[in-house]
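There are 2 protein chains.
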Amino acid sequence: MPEKTYSISDLASEFGVTTRTIRFYEEKGLVTPRREGQKRLYNQADRVRIKLILRGKRIGMTLDECVEVIDMYDPEHNNAEQLHSLIARVQDKRARFEQQRRDIDEMLKGLDEVQALCESALAEAGAAN
Amino acid sequence: MPEKTYSISDLASEFGVTTRTIRFYEEKGLVTPRREGQKRLYNQADRVRIKLILRGKRIGMTLDECVEVIDMYDPEHNNAEQLHSLIARVQDKRARFEQQRRDIDEMLKGLDEVQALCESALAEAGAAN
DNA sequence: TTTACCGTTTACGTTAACGTAAACTTGAGC
DNA sequence: GCTCAAGTTTACGTTAACGTAAACGGTAAA
Chain Z
2 MPEKTYSISD LASEFGVTTR TIRFYEEKGL VTPRREGQKR LYNQADRVRI KLILRGKRIG
62 MTLDECVEVI DMYDPEHNNA EQLHSLIARV QDKRARFEQQ RRDIDEMLKG LDEVQALCES
122 ALAEAGAAN
Chain V
2 MPEKTYSISD LASEFGVTTR TIRFYEEKGL VTPRREGQKR LYNQADRVRI KLILRGKRIG
62 MTLDECVEVI DMYDPEHNNA EQLHSLIARV QDKRARFEQQ RRDIDEMLKG LDEVQALCES
122 ALAEAGAAN
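Listed in order, the protein sequences are those of chains Z and V. The opening residue of the first sequence carries number 2 in my numbering; numbering runs sequentially from there. The opening residue of the second sequence carries number 2 in my numbering; numbering runs sequentially from there.
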């Protein structure tokens, strides 16, 4: 069965971005859809790459960093040396993500405190009536 | 006892940024150190704000978003209406941060898989000898 | 056939978050 | 008194990640 394909506006609306954004990612080499005549045709792999890019962006990664991570997924690695270097890069990214998770947890803790203060202030105001 | 203060380069080196960055934050109204003559003097509150800004930046927040969050911490809120609106904003931020945490967890999962593949490939190569 | 979309390329514009450089002041140490 | 490091202001430069506009091609419905 033929693989499912997507038009550029399919993906744009699915992911809530503009077609310009997707073409821009192509300019930068992040996706390489095939063409049907003039029109771009995206396959499942393209779609996944875009999804990964947008996930990266949500946590503040640059497009170049997104590429770095995505490239880790395809095995251009043959020998032991390359495998070790890949593992090292994985560790670097992991450290970064774990730092980010700590940052987010701190942020959430702060929000909890603010909310608790708000609610106790509201309770007090309510009790005053 | 007088509050502890910091020079601009104190904070710059503590946080690993340039003095330009800190002055830029002042231009944008994110910090307002007092002056001793010509020189800027930062107090503990200023220092904490900068710390919060940089934490926000690490998870991809814009400076404006950092201000939004930081502003939630000081109580400019008196009446019940303002308290409810603040709680609503807290919920919005919370949702965003939780999404980010999910994104990070997915990223880490991906890294785990890559590393596992690398290690099993290395084990296989080792066994082949 | 005309209208209405969807798609395309090309190209200039925009915003955030600083970098960088120049020119000047000021207090500390020699 | 001179130097030197650390500070200041002013101002133009830079990069990433698209936005926006113009001008055009294909096709499907009215």
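Think of the CB as a built atom: it goes at the ideal place given N, C-alpha and C, for glycine as much as any other residue. Since the model is a prediction, treat every value here as computed from it, not as a measurement.
### Task
Can you grab the Cα-Cα spacing for the pair LEU31/V / VAL91/V, in whole Å?
So the two alpha carbons sit approximately 20 angstroms from each other.
### Cβ-Cβ distance between ILE60/Z and ARG102/V below 7 angstroms
Contact annotation: ILE60/Z and ARG102/V have beta-carbon atoms that are not nearer than 7 angstroms.
### Query
Which runs of the alpha helix (DSSP H) spanning at least 4 residues fall entirely within the segment 44–106 of chain V, listed in chain order?
The segment 44–106 of chain V contains these whole alpha helix (DSSP H) runs: 45–59 and 64–74.
### Message
For the segment 113–125 of chain V, list every residue whose C-beta sits within 8 angstroms of some C-beta in chain Z, in sequence order.
### Response
Per Cβ criterion, the list reads VAL115, GLN116, LEU118, CYS119, GLU120, ALA122 and LEU123.
### Message
Does the structure place the segment 5–15 of chain V close enough to the segment 44–59 of chain V that three or more beta carbon pairs sit under 8 angstroms?
### Response
Taking 8 angstroms as the limit for Cβ pairs, the verdict is that the segment 5–15 of chain V does touch the segment 44–59 of chain V.
### Query
For a contact meaning CB atoms closer than 7 angstroms, what does LEU109/V contact in chain Z?
The answer, in chain order, is ARG95 and PHE98.
### Query
In chain V, which residues lie less than 9 angstroms from TYR1/Z when you measure between Cβ atoms?
The displayed coordinates of chain Z run from 2 to 130. Any statement about residue 1/Z would go beyond what the structure contains.
### Task
Kindly indicate which residue of GLU27/Z, ARG41/Z and PHE98/Z has the alpha-carbon position closest to the one of ASP11/Z.
With distances taken between Cα atoms, ASP11/Z lies closest to ARG41/Z.
### Query
Three-state secondary structure (DSSP) at LYS40/Z?
Here LYS40/Z sits in strand by DSSP.
#### Entry: GLU15/V, enclosing alpha helix (DSSP H) - first and last residue
In the DSSP annotation of this structure, the continuous segment of the alpha helix (DSSP H) that includes GLU15/V starts and ends at 9–16.
### Query
With distances taken from CA atoms, which of LYS110/Z, CYS119/Z and GLU120/Z is nearest LEU53/V?
Looking only at LYS110/Z, CYS119/Z and GLU120/Z, the smallest Cα-Cα distance to LEU53/V is reached by LYS110/Z.
### Query
According to the Cβ coordinates, are ALA81/V and ALA126/Z closer than 7 angstroms?
Cβ distance < 7 angstroms, so ALA81/V and ALA126/Z count as in contact.
### Task
Output the distance between the C-alpha atoms of LEU123/V and ASP113/Z, rounded to the nearest integer angstrom.
Taking the straight line joining both Cα atoms gives about 45 angstroms.
### Query
DSSP beta-bridge partners for ARG21/Z?
ARG21/Z pairs with nothing; no bridge assigned.
### Query
Is GLY38/V buried or exposed, if buried means 16 or more other CB atoms sit within 10 Å of its CB?
It counts as exposed.
### Query
Ordered along the chain, which non-local residues of its own chain (more than five positions away) have a Cβ less than 7 angstroms from that of VAL70/V?
Within the same chain, GLY57 and LYS94 come within 7 angstroms of VAL70/V by CB-CB distance, once the 5 residues on both sides are set aside.
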